[in-house]
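Visitor: Here our numbering is used: the sequence shown runs in plain steps of one and ends on residue 1645.
We put the CB at the ideal spot given by N, CA and C, even for glycine.
Treat the numbers as computed from the prediction; the structure is a model and nothing was measured.
Okay, handing you the structure first.
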Amino acid sequence: IYDSSKDFTRRISISKTTVTLFAYPSKGGVIVLSPAYGLDLEFLCLDRLHPPIERFSTQNEEDEFCKKMLMLGAKWWDSLSRHYLVTGAQEGEEDCEEALEYDDTVPSPTVRERLWCSVAWPSAGGLVIAEFHSARLGHRNDGGREYEIPEDVGRLGLCADMDERAAMLRERFEGKFFASVEDYDEEGGDAFLGAWGWKIDGKGEVGALEKTW
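Following this line, the structure appears as structure tokens:
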């Protein structure tokens, strides 16, 4: 459940096991990358050892940062409260699970909200993406087949560069190569990689995009 102490300027959150990055597009909502590895911070031109605490001071700078976050497979949530609700349920927080299961006013998680993905941008060009649809919260897809996120995705944190990540995604996590984000979208990909182009009129996944500026 959303904690009001978490505001719209925080760039990074570090827990015992996970680093999470936040970005705040002028279009509304919040873009979240979790987990974020050192390789992701390098891609985003952030200091790995001393990452910034707050977002950029101007919308233009923040929007450019948002676009790079999406390239890494970050999720574009309608609001911070929606992010904390769905991820809390996925992590087994009872109050979040009950809200999604029993409160008819709370929309069920969408395919994009439940998607796990990881993206690599190899030096030879194009991109490689692996994606899995979480079967948590009683959801099923593909004719009832349940999908589970591989238990060893944490090994992606061992990759030293994008070429290594691309190779690991293809060899261990069913990663697929695409020449461009446009090609990925044309193939019906479920991640938000190209969302900057199709998120319009303040429409989010389940409601309006919350204003954060």
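Any contact between the region 1452-1470 and the region 1490-1506? By contact I mean 3 or more CB pairs, one from each, below 8 angstroms.
Guide: yes
Visitor: Please confirm if the region 1499-1518 is in contact with the region 1611-1629, defined as three or more CB-CB distances below 8 angstroms between the two stretches.
Guide: yes
Visitor: What are the start and end residues of the alpha helix (DSSP H) that includes Cys1498?
Guide: Membership of Cys1498 in the alpha helix (DSSP H) is indicated by the continuous run Gln1491 to Met1503.
Visitor: Report the rounded CA-to-CA distance for Gly1470 versus Glu1580, giving the unit in angstroms.
Guide: Whole-angstrom Cα-Cα distance: 25 angstroms.
Visitor: In this structure, does DSSP put Arg1577 in helix, strand or coil?
Guide: Interpretation of Arg1577 is limited by its pLDDT of 43, a score under 50 that renders its predicted location unreliable; the figure taken from the coordinates is listed afterwards. Strand.
Visitor: Grab me the residues of Cys1549's own chain with a C-beta within less than 7 angstroms of its C-beta, minus the 5 sequence neighbours each way, in chain order.
Guide: Gly1505, Ile1561, Ala1562, Glu1563 and Ala1623
Visitor: For a test of the three-state rule: what should DSSP assign to Ile1444, helix, strand or coil?
Guide: strand
Visitor: If you follow the alpha helix (DSSP H) that Phe1475 is in, where does it begin and where does it stop?
Guide: Start and end: Gly1470 to Phe1475.
Visitor: Can you find the residues in the same chain that come closer than 7 angstroms, C-beta to C-beta, to Val1466, ignoring five residues on each side of it along the sequence?
Guide: For the record, residue 1466 in the displayed sequence is Ser; it is not Val. The residues are Thr1450 and Thr1452.
Visitor: Is the separation between the beta-carbon of Ala1598 and that of Pro1554 shorter than 7 angstroms?
Guide: Yes, they are a contact pair.
Visitor: What does the alpha-carbon distance come out to for the pair Leu1569 and Asp1527?
Guide: Low confidence applies here, because Leu1569 scores a pLDDT of 47, under 50, leaving its location unreliable and the question unanswered by this model.
Visitor: Within the same chain, show all residues whose beta-carbon is closer than 6 angstroms to that of His1571, passing over the 5 residues directly before and after it, in chain order.
Guide: Note that His1571 scores 43 on pLDDT, short of 50, meaning its location in the model is unreliable; the coordinates nonetheless yield the value given after this. Excluding residues within five positions, none has a Cβ falling inside 6 angstroms.
Visitor: Between the Cα of Ala1627 and the Cα atoms of Thr1537, Gly1460 and Glu1596, which residue gives the shortest distance?
Guide: Answer by Cα proximity: Gly1460.
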